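Chains as they are written, first to last, in our numbering: chain H, 8 to 285; chain E, 2 to 149.
Have a look at this one:
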């Protein structure tokens with residue numbers, strides 16, 4: 008209730024979101040911040056360990072936040088015990104090492120941290136991720152990277168169905184195989200599958216690119232083969248090298264899948280856009 | 002919903018050309034109003050979502066600021082900024098800010114390079130500077146709505 012009053016006081020509820028132009032007085036040469044204004048100032052060399060065994064997921068997340076507020080830039084989570092919703096909502100630069108497996112919705116809604124998970128992850132890992140890197144050393148469940156907005160999400164093993172569903176940006180890299188309907192309704196970003204891809208790959212995709220190193224069991228509606236170019240090859244080579252991955256037949260022989268753009272229609276969105284002028 | 006369709010798998014063309022797939026005038030949207038389609042003419046606005054967002058960044062064109070940003074964040078590449086491109090809005094160059102869900106036009110009078118890759122790097126740098134600024138609209142929203 009108190010929050011609602013505060014928001015009213017600030018005039019948020021009288022805001023017209025449709026097509027309004029705002030002016031903000033901002034000089035790019037005067038601003039050289041690299042992190043969000045509310046982010047904690049952490050030092051990667053300051054390290055802390057946390058035993059998650061006796062803690063609830065909420066307590067683990069609060070403890071991570073508390074450690075960041077004290078300047079810890081490297082945090083090690085021990086005994087995560089496949090708990091759900093661990094390491095969510097981190098809007099900060101951070102090195103996070105998870106020594107075990109995660110349950111559902113691990114590492115969701117993050118913006119900035121570099122996370123390495125030694126075990127497996129359950130459904131919907133990194134859902135709505137905005138920025139940062141996540142590396143999973145084993146396998147991942149379904150809806151991996153659902154609605155991903157940005158950052159690099161890497162699974163060294165196999166991934167379940169509907170990976171990158173509704174993806175709006177970022178990069179997903181899979182070292183092994185993936186299930187059916189991966190890239191369903193994909194709108195932006197890149198997906199790299201080094202092994203085989205399941206049925207209906209890229210079904211109803213609006214935009215974005217999918218690279219596949221193995222066999223494709225079937226393409227979905229409006230997913231069509233694309234043409235590799237030099238920038239694709241150099242980008243893939245550099246990206247895979249970063250994570251120590253290789254594709255068996257070589258990057259140049261990967262298949263590129265793009266949207267046929269027969270389904271998309273953004274026209275009706277345009278009048279509701281907000282515009283800002285610096 | 003959608004049916005599975007069998008389509009031929011593409012063959013890689015040897016010596017494929019580097020990406021700038023369409024040889025369009027880089028200033029096309031700055032010189033004109035950008036009202037190409039019938040829908041754009043009908044609503045009197047350029048629809049800014051239709052650029053080639055699949056153009057991957059050319060890392061030889063990084064700006065010093067972006068290199069420093071990558072170092073600070075501990076990333077080996079542009080990370081989320083790979084999806085940021087310079088667009089054009091009402092005859093001015095603009096960058097889409099996901100946090101306000103709208104186009105941010107770049108300062109008037111800024112001289113733009115003659116190729117899209119360099120323009121994209123400028124867009125990325127400006128977006129970082131704006132999003133990390135205390136003058137960003139999200140700072141007000143944060144104060145109003147954050148729960149803990």
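We treat Cβ as the ideally placed atom computed from N, Cα and C, and that holds for glycine. Nothing here was measured: the structure is a model prediction, and the numbers come from that model.
Own chain residues within Cβ distance below 6 Å of residue i, not counting five before or after
i              : result
residue 235(H) : 263
residue 30(E)  : 89
residue 118(E) : 59 and 62
residue 165(H) : 146, 183 and 184
residue 116(H) : 95, 96 and 135
residue 64(E)  : 122 and 126
residue 104(H) : 83 and 123
residue 138(E) : 101
Distance between beta carbons of residue j and residue i, contact taken as under 8 Å
i              : j              : result
residue 171(H) : residue 136(H) : Not a contact, Cβ separation roughly 11 Å.
residue 215(H) : residue 174(H) : 6 Å
residue 149(H) : residue 123(H) : Actually they do not touch by this definition, with Cβ atoms about 22 Å apart.
residue 140(E) : residue 239(H) : With 8 Å as the limit, residue 140(E) and residue 239(H) do not qualify as a contact, their Cβ atoms being about 38 Å apart.
residue 87(E)  : residue 120(E) : 4 Å
residue 40(H)  : residue 134(E) : 7 Å
Cβ-Cβ distance between residue i and residue j below 7 Å
i              : j              : result
residue 152(H) : residue 176(H) : no
residue 119(H) : residue 96(H)  : no
residue 99(H)  : residue 55(H)  : no
residue 107(H) : residue 126(H) : yes
residue 61(H)  : residue 127(E) : no
residue 71(H)  : residue 114(H) : no
residue 102(H) : residue 121(H) : yes
residue 185(H) : residue 204(H) : yes
residue 7(H)   : residue 220(H) : Past the edges of chain H, shown from 8 to 285, lies residue 7(H), and the structure says nothing about it.
residue 4(H)   : residue 261(H) : Outside the displayed range of chain H (8 to 285) lies residue 4(H), so it cannot be described from this structure.
residue 190(H) : residue 209(H) : yes
residue 286(H) : residue 85(H)  : There is no way to answer for residue 286(H), as the model of chain H reaches only from 8 to 285.
residue 227(H) : residue 265(H) : no
residue 224(H) : residue 206(H) : yes
residue 178(H) : residue 195(H) : no
residue 136(E) : residue 33(H)  : yes
residue 133(H) : residue 160(H) : yes
Same chain only: Cβ atoms within 8 Å of residue i, ignoring 5 sequence neighbours per side
i              : result
residue 267(H) : 229, 230 and 231
residue 98(E)  : 104, 105, 128, 131 and 132
residue 67(E)  : 79, 82, 122, 125, 126 and 129
residue 258(H) : 240, 243, 244 and 247
residue 144(H) : 123, 124, 125, 126, 163 and 164
residue 111(H) : 91, 92, 129, 130, 131 and 148
residue 26(E)  : 32
Residue(s) in a DSSP beta bridge with residue i
i              : result
residue 97(E)  : 104(E)
residue 103(H) : 82(H) and 122(H)
residue 29(H)  : 283(H)
residue 88(E)  : 95(E)
residue 112(E) : According to DSSP, which records beta bridges pairwise, residue 112(E) is partnered with nothing at all.
residue 218(H) : 199(H) and 263(H)
residue 232(H) : 264(H)
residue 42(H)  : Paired residues: none, contrary to the question.
residue 166(H) : 147(H) and 185(H)
residue 175(H) : 195(H)
residue 50(H)  : 79(H)
residue 204(H) : 185(H) and 223(H)
residue 180(H) : 161(H) and 199(H)
residue 56(H)  : 83(H)
residue 128(H) : 147(H)
residue 141(H) : 122(H) and 160(H)
Contact set for residue i: own chain, Cβ-Cβ below 7 Å, skip 5 residues either direction
i              : result
residue 146(E) : none
residue 283(H) : 29 and 31
residue 49(H)  : 75, 78, 79, 80, 99, 100 and 101
residue 270(H) : 211, 213 and 229
residue 64(H)  : 90, 91, 92 and 93
residue 187(H) : 168, 205, 206 and 207
residue 51(H)  : 80, 81 and 102
residue 252(H) : 180, 182 and 201
heavy atom of the ligand ATP below 6 Å from residue i C-beta
i              : result
residue 127(H) : In terms of ligand content, the structure shown is empty, and the ligand ATP therefore cannot be addressed.
Okay, do the segment 68-81 of chain E and the segment 101-110 of chain E touch, 3+ Cβ pairs below 8 Å being the bar? no
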